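One structure below.
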Amino acid sequence: IDQQVTVQQISPADRSSTIRANVEALVSVVQNAIDNAIGAGANHIQIYCQDENALVKIFIQDDGPGVPAKKRTEIFEPFVSGRSNGTGLGLAIGRAVCRAHGGDLVFADDDKRQGACFCLALPIMAEDFDEVAELKQAF
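So in this note's numbering the end of the sequence shown lands on 752, straight run, no missing numbers.
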């Protein structure tokens, strides 16, 4: 690799949430987002997490050229790539992995920031499985 890239992880120290997941599959999704950012010319990548509405949200944000607004939904379709040498499978597979975990992979839309930002949203695992069963029965 002839490019130096800084990857910065930012996470809140005061909170911890648990998710049930295939770790290798989710690491692959994050790695693919990082590889895409590097391939697009990003020099700085931030990875940060938030808990929101019973979800853990993992953001991968870069300072590359970004994704044009009109392509932000179609880049998740199989065989659609924003790069000439891309296969168009990475984001489609990443979204399928996240959805298989009860979550999603989306483009985090913010035209005020430079670059692209993708968000993996995954459900937080309940502390008490009996409580989850009671909630399911209530519906």
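Glycine included, every Cβ here is placed at the ideal spot set by N, Cα and C. Here the structure is a predicted model, which is why all the values come from computation and not from measurement.
Rounded separation between residue i and residue j - CA only
i      : j      : result
GLU637 : ILE647 : 15 Å
GLY654 : GLN644 : 15 Å
THR686 : PHE731 : 12 Å
ASN666 : PRO736 : 9 Å
SER629 : ASN656 : 29 Å
CYS711 : THR700 : 19 Å
LEU668 : VAL642 : 17 Å
THR631 : SER694 : 33 Å
ILE671 : LYS683 : 24 Å
Extent of the continuous beta strand (DSSP E) to which residue i belongs
i      : result
ALA734 : 730–736
VAL669 : 668–675
VAL719 : 717–720
ILE658 : 657–665
Supposed close pair residue i, residue j - CB separation, criterion 8 Å
i      : j      : result
LEU733 : LEU718 : 5 Å
Residue burial classification, residue i (beta-carbon count within 10 angstroms, cutoff 16)
i      : result
ALA650 : buried
ARG708 : buried
ASP723 : exposed
ALA634 : buried
GLN640 : Per the sequence shown, the amino acid found at residue 640 is Val instead of Gln. Exposed, because fewer than 16 other Cβ atoms sit within 10 Å of the Cβ of VAL640.
GLY679 : buried
GLY715 : exposed
ASP664 : exposed
Beta-carbon spacing of residue i, residue j below 9 Å
i      : j      : result
ILE688 : GLN674 : no
GLY728 : ARG696 : no
ALA705 : GLU690 : yes
CB contact check: residue i to chain E, cutoff 9 Å
i      : result
PHE689 : Among the chains of the structure shown, chain E does not appear; only one protein chain is present.
Residue i: first and last residue of the uninterrupted alpha helix (DSSP H) it sits in
i      : result
ILE651 : 636–652
ILE706 : 703–713
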